[in-house]
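Enquirer:
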Amino acid sequence: MTRRLAAALTIIGALMLGGCGNDYGIDQNGQKVASERLDKQWVVLNYWAEWCGPCRTEIPELNHLADELKSKNVGVFGVNFDNVQGAELKEASEKLGIKFTVLAQDPAELFDVPRSEALPVTYIIDNKGKVREQLMGEQTAAGVLAKLEALQATQ
55 MTRRLAAALT
65 IIGALMLGGC
75 GNDYGIDQNG
85 QKVASERLDK
95 QWVVLNYWAE
105 WCGPCRTEIP
115 ELNHLADELK
125 SKNVGVFGVN
135 FDNVQGAELK
145 EASEKLGIKF
155 TVLAQDPAEL
165 FDVPRSEALP
175 VTYIIDNKGK
185 VREQLMGEQT
195 AAGVLAKLEA
205 LQATQ
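In the working numbering, the protein residues as written are 55 to 209.
1. What separation, rounded to the nearest whole angstrom, lies between the Cα atoms of LEU59 and LEU189?
2. Can you list, in chain order, the residues of its chain whose CB lies under 7 Å from that of GLU203, leaving out five sequence neighbours each side?
3. Report yes if the CB atom of ASP81 is closer than 7 Å to the CB atom of VAL156, and no otherwise.
4. Where do the ends of the alpha helix (DSSP H) carrying ASN134 lie?
5. Inspect the CB distances between the segment 175-184 and the segment 92-108 and report whether three or more fall short of 8 Å.
6. With a threshold of 16 other CB atoms inside 10 Å of the CB of GLY132, please say whether the residue is buried or exposed.
7. To the nearest whole angstrom, what separates the beta carbons of GLY151 and PRO114, a pair I think is in contact under 8 Å?
8. Consult DSSP for GLU187 and reduce its assignment to one of helix, strand or coil.
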């Protein structure tokens, strides 16, 4: 009886721990995006679409920003505005030359991100999951980095 109870408690504990943290679905390559990549760290979240001219111009800047921020424990993530999935998302990401992680599932609800009607739009989310800034229009790596550093300094 004691063994059964211990085994049941072990299984229940593992299930409860497994439910901690939000996994963020998969990326454009079909790889799981673990919660550790977004939770409790600053996030730059960019919404883009293939048909958006300024998005196409902005993507190389965001690639550069993602490289620059790797050592600073800040993640750069993209979300396709048109909610394309699977092979279509991978193809669109490759076509635009996106090197940062593109989330197949929009985390807007988790971060309470308002739906924007204009693109591109980039959100800076703090390490507590709160949207701190909405940047409308085409951004540069230097501009986003400066805004991020200013926000981090006020925390």
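Glycine is no exception: its CB is placed at the ideal position from the N, C-alpha and C atoms.
Treat the numbers as computed from the prediction; the structure is a model and nothing was measured.
Expert: Taking the structure as given:
1. Residue confidence is low: LEU59 scores 40 on pLDDT, short of 50, so the model does not pin down where it sits. No coordinate-derived value is stated.
2. No residues qualify anywhere along the chain.
3. yes
4. Careful: ASN134 lies outside any alpha helix (DSSP H), inside the beta strand (DSSP E) at 128-134.
5. yes
6. buried
7. 7 Å
8. Three-state result, GLU187: strand.
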